[in-house]
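Q: If you read the sequences in order, they're chains W and U. FYI, in the numbering used here the residues of the first sequence are 1 to 311. FYI, in the numbering used here the residues of the second sequence are 1 to 284. Quick reminder that beta carbons are idealized off the backbone N, C-alpha and C, glycines included. Pasting a structure here, questions to come.
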Amino acid sequence: MDDLLTVSGKKSKKTAKQWIQSYDGQKAITSIVFLLIPVALLILFTFVPAANMVVYSFQKRSQLGTDIEWVGLDNYKTIFSDSSYLMTFKNSIYYLIGSFIQQALALLVASVLCSRLRCKNFFKGVLFFPYLMNGVAVSLIFLNFFKNGDGVVSPQGTLNSILSVFGVEPYTWLGAETANFCLVFVSLWRYIGFDILMYIGAIQSINTDVYEAAELDGANSWQRFRYIVFPSIKSIIALQCILAVNGAISVFETPYIITGGKNGTTTFVIKTIETAFTYDKIGLASAMAMVLLSITIVVTIIQKTVFKEET
Amino acid sequence: MNEKVTYNNSLSAKIWNALKYAFLIFGCLLVIFPLVVVLLGSFKTHKEYLTTEVFSLPAKMNFENYKTAFVNGKVLLGLKNTLIIIVFSCIGTIVTGTMTAFVVQRFNSILTRAVKNAFLVAMLLPSISMQVTVFQIINKLNLYDTMMSNIILYVGTDIVSIYIFMQYLSQISVSLDESAIVDGASYIKIYFQIILPLLRPAIATVLIIKFVGIYNNFYTPQLYMPSEELGVVSTALYRFIGPYGAKWEIIFAGIIVCIIPTLTIFLTLQKYIYSGMVSGAVKE
């Protein structure tokens, strides 16, 4: 664009003025003026940090950038050999399985909500609302829900209170054995509403004629689901399952607030943030961010190539 | 959807129907129960909370906990700060987002194609992990522990909004622009008088997504605004864990205060929220 300006500037002042007033000139000037700030912000807060991340991942360095030391692939080796980092991958498997269950449940709820029913909007609204709730509020609610209090200074949590009615002894739900299951449940509770919404949209986009014809022919609910609904939304289900991989590795907020990553509940992102901001190991944290980025890119490539026709 | 009601009186159909309602009601109770406990607890005194069952009604409506949460817990300040950040971030996003979308969508040049691809690539980067290196930049710009740090990140890294504007703009016919050009309008005039007004539905969608996103965001304020005076709703509530760790009735009041704005907006804008949330997921 700058070349254009200088070329026309050389010819004569008059033509430069004419060029500015012409639509080509206007286009160039508008492009530059309108894009200046957004592109500057994009470079400053996305591309510069991304480039830094690549470089830092081969270094040992602190937040202030002092004592920089090139360590080659050591940071990556640490991530894939040190057990405290490997554990986070194991934990993400809990969330991955959890999100498959979440998909199945959401699909079930969505197909029920698409059948003849009263109070549809009420059910949909209630089930969707947790998705909009503040993550800190959700986390605190479940911190109290799963709590094991002594009943004297700190009262019993909701779950233990309910269970005590049936004579069950109080249990430390957020202890090492069950904490991950509780956290996966919280994640399901919080996010399922969105999947329900997606599946309702997908089911409603199916041509109702086919559906009604099948109904007239005497197909029952299961048959209609199996032979009409399922084939039509198969690709969306597969897509959601692929994206679940990304979601499972990116879990952060709820475990960070509920357990702080204790009792074996650290996730990959909690570990990354801890490594960077608690232990001040920017090099290692950058390498972890690079690993997450690679997973995201692989998932996106699969999404774009396999689901190209459908989405 | 088949809304026409045909009465099927067979027994199996009735059982099937009852099961459907039972399933949905069970699901709704799972959502509502934890919230009811919080609501009831927020009106109890500390002694009452310790001694009564979680589902028992409070002896009387006691607003002391709310007062503590609002004033000592700085939730009121948090609401104010959140609102300031939301207003400036929304203005920033709408101005930069619509301008970018207009240029990228309407002018087909090497520059605009490059910019479009740059934005699409940026969409891939996982935002929480990026903070590892974004932090240094915020620091170098002397924005650490200022509201501006959050505002600039909400404006500068919001690629989903630009994408929504571009999508919407691609459905608006170029013939409108062309007829304006025939009438001698400049591009600036076209942007302000044709494009911006036509983008109103997209702007509404972006506003909803941004409101929910910023109101619920935790890690950005937690990371960049550690001062208590700069607390937003999320961080103010998070800080309840320390001082009120044993006083759950006060934490409960804080939770309810935090949920009320979300609930109000959900109830009034339900239809727009559903469609807005789905279009906001294009990134995923």
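U:L237 CB to nearest chain W CB: under 8 Å?
A: yes
Q: According to DSSP, is W:Q59 helix, strand or coil?
A: strand
Q: My output table needs one value for W:W173: the three-state DSSP class, helix, strand or coil.
A: coil
Q: Answer yes or no: does any C-beta atom of chain W fall closer than 8 Å to that of U:I251?
A: For U:I251, the answer is yes, since a Cβ of chain W falls inside 8 Å of its Cβ.
Q: Kindly indicate if chain W contains any beta-carbon less than 8 Å away from that of U:M277.
A: yes
Q: Could you tell me if W:N220 is buried or exposed, where buried requires 16 or more neighbouring beta carbons within 10 angstroms of its beta carbon?
A: The Cβ neighbour count for W:N220, taken over all protein chains shown within 10 Å, is under 16; the residue is labelled exposed.
Q: How is the alpha helix (DSSP H) around U:P261 delimited, first residue to last?
A: 248-280
Q: Whole alpha helix (DSSP H) runs in the segment 228-298 of chain W with 4 or more residues, listed along the chain?
A: 230-249, 253-258, 268-277
Q: Between W:S250 and chain A, is the shortest Cβ-Cβ distance under 8 Å, so that the two count as touching?
A: No chain A is present in this structure, whose protein chains are W and U.
Q: Determine whether the beta carbon atoms of W:T259 and W:A202 lie at a separation below 8 Å.
A: no
Q: Quick check: the Cα distance between W:V306 and W:T296, rounded to an integer number of angstroms?
A: One C-alpha to the other measures close to 15 Å.
Q: Give the range of the alpha helix (DSSP H) segment to which U:M99 is assigned.
A: 75-106
Q: Between the C-alpha atoms of W:S84 and W:V109, what's the straight-line distance to the nearest angstrom?
A: 38 Å
Q: Across the segment 239-248 of chain U and the segment 188-197 of chain U, are there enough close Cβ pairs to call them in contact, namely three or more that are closer than 8 Å?
A: no
Q: With distances taken from CA atoms, which of W:N148, W:C114, W:A40 is nearest W:Q156?
A: Scanning W:N148, W:C114, W:A40 for the CA closest to the CA of W:Q156 turns up W:N148.
Q: Report the option in W:I228, W:L188, W:D217, W:I192 whose CA atom is closest to the CA atom of W:S205.
A: Of W:I228, W:L188, W:D217, W:I192, the residue nearest in Cα terms is W:I228.
Q: Alpha carbons only, please: which of U:L267, U:V278, U:S275, U:C258 is nearest the one belonging to U:T82?
A: U:C258
Q: Taking C-beta to C-beta, are U:G41 and U:F240 nearer than 8 Å?
A: no
Q: Pick helix, strand or coil for W:E69, following the three-state DSSP scheme.
A: strand
Q: Roughly how many angstroms separate the alpha carbons of W:F100 and U:V182, rounded to a whole number?
A: Answer to the nearest angstrom: the Cα atoms are 56 Å apart.
Q: Would you kindly report the start and end of the unbroken alpha helix (DSSP H) that includes U:Q171?
A: No alpha helix (DSSP H) holds U:Q171; DSSP gives it neither H nor E.
Q: Taking Cβ-Cβ distances shorter than 7 Å, what residues in chain W pair up with U:N216?
A: N134, G135
Q: According to DSSP, is U:I241 part of a helix, a strand, or is it coil?
A: coil
Q: Is the CB of W:K27 under 8 Å away from at least one CB in chain U?
A: yes
Q: Using beta carbons (cut-off 8 Å, strictly below), is W:I302 in contact with chain U?
A: Taking Cβ atoms only, chain U never reaches closer than 8 Å to W:I302, which makes this a no.
Q: Whole angstroms is fine: what's the gap from U:L125's alpha carbon to W:G175's?
A: 34 Å
Q: Classify U:S161 as helix, strand or coil using the three-state DSSP reduction.
A: helix
Q: Between the alpha carbons of W:I242 and W:S92, how many angstroms are there, rounded?
A: 14 Å
Q: With a cut-off of 8 Å on the beta carbons, I'd call U:I164 and U:S279 a contact; round off their distance for me.
A: 6 Å
Q: Output needed for W:D312: all residues of its chain with C-beta closer than 8 Å, excluding positions within five of it in sequence on either side, in chain order.
A: No information on residue 312 of chain W is available, as it lies outside the stretch 1 to 311 that chain W covers here.
Q: Under a CB-based cut-off of 8 Å, is U:S175 close to chain W?
A: no
Q: In the DSSP assignment, find the alpha helix (DSSP H) that holds U:R113 and state where it starts and stops.
A: 110-122
Q: Which one of U:S89, U:T146, U:I188 has the shortest CA to CA distance from U:I214?
A: U:S89
Q: Any beta carbon from chain U within less than 8 Å of W:S187's own beta carbon?
A: Not an interface residue.
Q: On the three-state DSSP scale, how would you describe W:L216?
A: helix
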